[in-house]
Each structure stands twice: as C-alpha cells, then as structure tokens.
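Numbered by my numbering, the letters in the sequence shown go through residues 32 to 190 in order.
Written out below as structure tokens is the structure these notes cover.
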Amino acid sequence: MQIRPIRQSDNRELAKIIRATLTEFGANHPGTVYYDSSTDALFELFQRPCSVYYVAETDDGQIVGGGGIYPTDGLPKDTCELVKMYLLPEERGKGLGGLIIEKCLETAKESGFANIYIESMPELGQALKVYERFGFNYLSAPLGNSGHFGCELWMIRTL
Numbered sequence: 032m033q034i035r036p037i038r039q040s041d042n043r044e045l046a047k048i049i050r051a052t053l054t055e056f057g058a059n060h061p062g063t064v065y066y067d068s069s070t071d072a073l074f075e076l077f078q079r080p081c082s083v084y085y086v087a088e089t090d091d092g093q094i095v096g097g098g099g100i101y102p103t104d105g106l107p108k109d110t111c112e113l114v115k116m117y118l119l120p121e122e123r124g125k126g127l128g129g130l131i132i133e134k135c136l137e138t139a140k141e142s143g144f145a146n147i148y149i150e151s152m153p154e155l156g157q158a159l160k161v162y163e164r165f166g167f168n169y170l171s172a173p174l175g176n177s178g179h180f181g182c183e184l185w186m187i188r189t190l
C-alpha cells in the first residue's frame, strides 16, 4: 500500500468511492460533497495553493481511498480543512484512514496552519470516532464557507 499525491487519472475512481460511501451510510443528500461538481475533478480542485490530496493505492494499483487538506474559503488564515476522507469498506478498520490523517496533519503543520477543521455528519459515526481519537473537538457552529449545509457536525484540532 502506498499513500501518494493525487493524479488527474484518479478523478473518476475517487468520485465513485466518495459517492458510494455516502450512499452506503445514507448520507447522499443535498449540501454534501455527493452533489459537488468538484467531486468529479479532485485533481483540479487540489491545485490550489496550500492544498493537497493523498490517494491510498494498493501495490497492484487499485485506488482504495484518500483524504486531503484544503484552505476552505472563510476559514481563519491559520486554519485549513480536512476534506474528502473516504475509504472502500474493505480497507476500513485497518489503520489506513489514520495514516492518511497523520499525513494530512503533518502537511498542514508544515504548510504553516495552526488548526485543522472538519465538517461531517452523524451518519458517519465510525469516522467521527477516528477524528475524536486524533484529538478533534466538537464545535457548536460551522466555520468557513464550504457550502455543505448538509453537514451538521463540526470539529477542530490544534496542530
């Protein structure tokens, strides 16, 4: 297994993983990345300065998920967002998500961010437990202007 930066050729497979995961958990509703056009063009989205997306790929070249950081509009300048953290079902519970999160936290800190923010949903309870283990704390209201009005939970962590 390797964790590497996104390539343009990854777009289609990652969009499938993201939408399948949201459907699996009943979180495929308006106001989420399920309906974002950028979900089909992640490589292009992550060309923005201070953003990066990491792809998890098996030794035989199968993309199994990914996650990244993004300087979401409206966030404080010292805060980025942990975004689009999704894994295929067969890869969950093996520590891979944690490795991607660690890489994102490290990259965010190296990029000069002091905090990292997450928007999520109650339907993604397994992921919420992982974020809690990584020291994310719940907020009472959203930060920034992600446009994801379907996300009802917000968390932040100091780097």
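Built from N, CA and C at the ideal position, the CB exists for glycine as well.
Spatially closest choice to residue i from the options, by CA coordinates
i, options, result
"Met-32", "Gly-92, Phe-56, Gly-62 and Tyr-148", "Gly-92"
"Pro-173", "Phe-77, Asp-104 and Glu-121", "Asp-104"
"Glu-183", "Gly-175, Leu-119 and Ser-171", "Ser-171"
"Gln-39", "Val-86, Tyr-169 and Phe-165", "Val-86"
"Asn-42", "Ile-94, Ser-151, Gly-57 and His-60", "Ile-94"
"Gly-62", "Glu-122, Met-186, Arg-79 and Glu-150", "Glu-150"
"Met-152", "Glu-121, Met-186, Arg-123 and Ser-142", "Met-186"
"Ile-131", "Ala-145, Arg-188 and Val-114", "Val-114"
"Glu-44", "Glu-55, Leu-190 and Phe-74", "Phe-74"
"Phe-165", "Gly-143, Gly-128, Gly-175 and Ala-145", "Gly-128"
Secondary structure of residue i, DSSP reduced to three states
i, result
"Glu-163", "helix"
"Ala-139", "helix"
"Lys-108", "coil"
"Leu-190", "coil"
"Ile-37", "coil"
"Leu-45", "helix"
"Glu-150", "strand"
"Leu-127", "helix"
"Leu-155", "helix"
For residue j and residue i, the rounded distance between their alpha carbons
i, j, result
"Lys-47", "Tyr-117", "10 angstroms"
"Ile-37", "Thr-89", "14 angstroms"
"Leu-106", "Glu-121", "34 angstroms"
"Val-64", "Leu-53", "9 angstroms"
Cβ-heavy atom distance, residue i to the ligand NAD, below 8 angstroms
i, result
"Arg-79", "Ligands in the displayed structure: none, and consequently the ligand NAD is not present."
- Message: Under 8 angstroms, with one C-beta from each stretch per pair, do the segment 120–136 and the segment 62–76 reach the 3-pair mark?
- Response: The segment 120–136 vs the segment 62–76: no contact.
- Query: Below 8 angstroms, can you find three or more Cβ-Cβ pairs linking the segment 45–59 to the segment 98–112?
  - Reply: Too few Cβ pairs lie closer than 8 angstroms, so no.
- Runs of beta strand (DSSP E) wholly within the segment 48–117 (minimum 3 residues, chain order): 83–88 and 94–101
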